[in-house]
Amino acid sequence: MLVNADCFIMHFRWIFVLCFSFPRYSVATSKCYGLNGAPAQNIGKALIAGANANAWQNTQDLTRLNGHAVAKTLEHVIEANAGNKFIAYNNIPPDIPKVKTKSNSKGVLMMNPGDLDEASWIVHTIPGFPKALTGYVFPPAEIQKGHLFICLTIKESEIDAIAMALRIATPLIYHNDIPDDPARPNLKKLVNGESRLTPPLTVTRQISTEAAPGLTVTIYSKGEKSKYVYAASREKFVKRDGPTAHLMKSQTKEPAMAVCIDDATIFGHFNLIAPAQNTGKALIAEAAGAWQDTAAVTGANGHSFAKALEHVIAPDNTNKFIVYNNIPPDIPKVKTKSNSKGVLMMNPNAADDASWIVHTVPGFPKALRGYVFPPAEIQKGHLFICFTIKESEIDAIAMALRFATPLIYHNDIPDAQINSRPNLKKLVNGESRLTPPLTVTRQITTAAAAGLKVTIYSKGEKSKYEIYRRVLVKKLKTSIKVWTTRDKILKSDCRILDINIKLVTSPIAVDNQAISFESDASQWLISEPGNKFCVIDKPYHKSQTKEPAMAVCIDDATIFEHSQQQKKLLNDLIG
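In mature numbering (1 follows the signal peptide of the UniProt record, and there is no 0), the protein residues as written are -28 to -1, 1 to 547.
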């Protein structure tokens, strides 16, 4: 981006912008850009260092991508650029409803991964902003409020000091594409969710902006276990991510961070798959008679994973989607009781195109950021099921997902499509179903003329039901053979005559490839008798009685036959 500012602050009540600019123009992607509300106004007030720093300047309309300070600074955050890689964090991340975090920090830390020494750090107060690599969208509801937006152009040598302070504040990171570098140990621990929970309970780090004479910025962080309250000297302008002591006592039990700028000019103004293999086994409806070997799933080379996700990993106007995963990519240690992973996508235009993917791969896929199969997951077995459906089935699926309370980390389905589907709307808004009924059953069919019958069973966390015995056995009305890890509490269950839960012991073979519990991330069962194959998002553990859970069951003789090929083996392995 064209650069002529090393720091700016924006405050939206007038949406105020403070910028510290220095007369240098160059092409850069990791630096602040200085450019020349009261609540309910679309414009802000900017203070730009070096560009008549003694006077406030009006900004252009902040809701539009029109070259103003916020949009220009974020131009390679909202769209991909090889010269800018970044971490974005926000306690209310965009399109991820009701994530639990004690942090209140919001910001972007970015750098040029090439040879140039370019970096910047943005600290702001805007929830749900910015949307990483998916365009500039200023949240309309936030125009009604006052906000601050501070941008500091720094040297890359300052990044690890900032990361150390952020570790104490435990921000919720919702995007990270900065390459690994052992020279930044605190940055690595930050993105891996390794917060500092042992003494010291607070940390202070000092950095300076890049241009001489360099603005001094001090970062104070406290951990949630410190029980400390923040107080600030009246001689400094302080942007806090936690509430002030006299307003809210709760922050004594939460992490918090303060970014302090000591500058008389500013202060004056504010006095105003198969384990260990890269290939998989595919069973495809048009050729359901035999397993097929896939190409290496680690590359986007036209195999079934990559082809099904081609318009999830890269933008396409004919495909909009929701992605959910209890371990979303590049968002460390998010707390959720769900274990569901999948993608629900549709064509927002006239064509009746939709599909639903159910899988077991953590941290996958990265929405609109290319195909990256997590290397660590090659060591494990996984399931990946893709259903081509009619769009009329979407709301039934959304109803079942509401009970499972999945963690949604990307949603770009247009409002018009969401608003016409009440359960989809409640799902993306985080309105889970917590009142009776405590379970729900929804049936859908695939789009082909002789559509495949698919039944979805979901239970809410307040049901206290164990999904295998209290839901699946009762609904299927047959015995089941279950492939899953198990704890030391739940055992095989033969209490109901002719309707039993039989646990398969490890290992087994899938198309002559050995697989064991230890190397398999999937949970599935087959009915006996019958043609049902179900994939479940929770293992056979007692803990899931207090958690949401979901099972997707396929009733099809051809698919079931492949499980039956191992029937004798399974009979021998029942534990």
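For each residue, glycine too, the CB sits at the ideal point set by N, CA and C.
Since the structure is predicted, the reported quantities are computational estimates derived from the model, not experimental observations.
Strand pairing of residue i, partner residues [DSSP]
i	result
N148	I59
I294	L316 and N383
S451	E500
D527	K425 and K504
A254	Q264
V80	A60 and I94
F110	In the DSSP output, where bridge partners are listed per residue, F110 has none listed.
Y512	R458
residue 548	Since the first and last residues shown for the chain are -28 and 547, residue 548 lies out of range.
D492	G353
Q32	None; Q32 has no bridge partner.
D288	N291
N53	N56
A388	In DSSP, A388 forms no bridge with anything.
K307	K72
A521	K431
Cβ pair residue i, residue j closer than 8 Å
i	j	result
I498	K434	no
T417	L424	yes
I357	V315	no
L396	P300	no
G97	K78	Looking at the sequence itself, residue 97 is Thr, so the reference to Gly does not match. The answer is yes: Cβ separation under 8 Å.
K431	V445	no
A339	H382	yes
A43	Y108	yes
P304	V80	no
K504	L448	yes
A278	A272	yes
K352	D492	yes
Y512	T477	no
V344	K313	no
I508	Q495	yes
V426	C525	yes
K57	P151	yes
A370	I439	no
P386	K292	yes
T290	N311	no
T190	C123	no
T270	I350	yes
I285	R341	yes
D459	K510	no
A481	I428	no
P347	G335	no
R139	K161	yes
N62	P85	no
K70	G502	no
Element boundaries [beta strand (DSSP E), containing residue i]
i	result
I428	K425 to K431
I126	L120 to I126
T411	T411 to T417
F277	Here F277 belongs to no beta strand (DSSP E); instead the alpha helix (DSSP H) covers S276 to A280.
T360	F356 to I361
Span of the alpha helix (DSSP H) around residue i
i	result
T457	Taken as a continuous stretch (DSSP letters only), T457 belongs to no alpha helix (DSSP H), as it is neither H nor E.
A137	I131 to A141
F375	I366 to A376
K398	P394 to V400
A326	Not the alpha helix (DSSP H): A326 falls in the beta strand (DSSP E), residues A326 to H331.
T73	Counting along the chain, T73 falls outside any alpha helix (DSSP H), and DSSP gives it neither H nor E.
K44	A41 to T45
Residue i Cβ short of 7 Å to the ligand SAM heavy atom set
i	result
R139	Although the ligand SAM was asked about, the structure shown includes no ligands whatsoever.
- Quick check: the segment 359 to 369 against the segment 318 to 330, are there 3 or more CB pairs under 8 Å? Result yes; three or more Cβ-Cβ pairs closer than 8 Å.
- Would you check if there are 3 or more beta carbon pairs closer than 8 Å linking the segment 124 to 137 to the segment 148 to 165? Counting Cβ pairs under 8 Å, three or more are found: they touch.
- Would you say the segment 102 to 121 touches the segment 28 to 38, given that touching needs at least three Cβ pairs under 8 Å? Contact holds: three or more Cβ-Cβ distances are below 8 Å.
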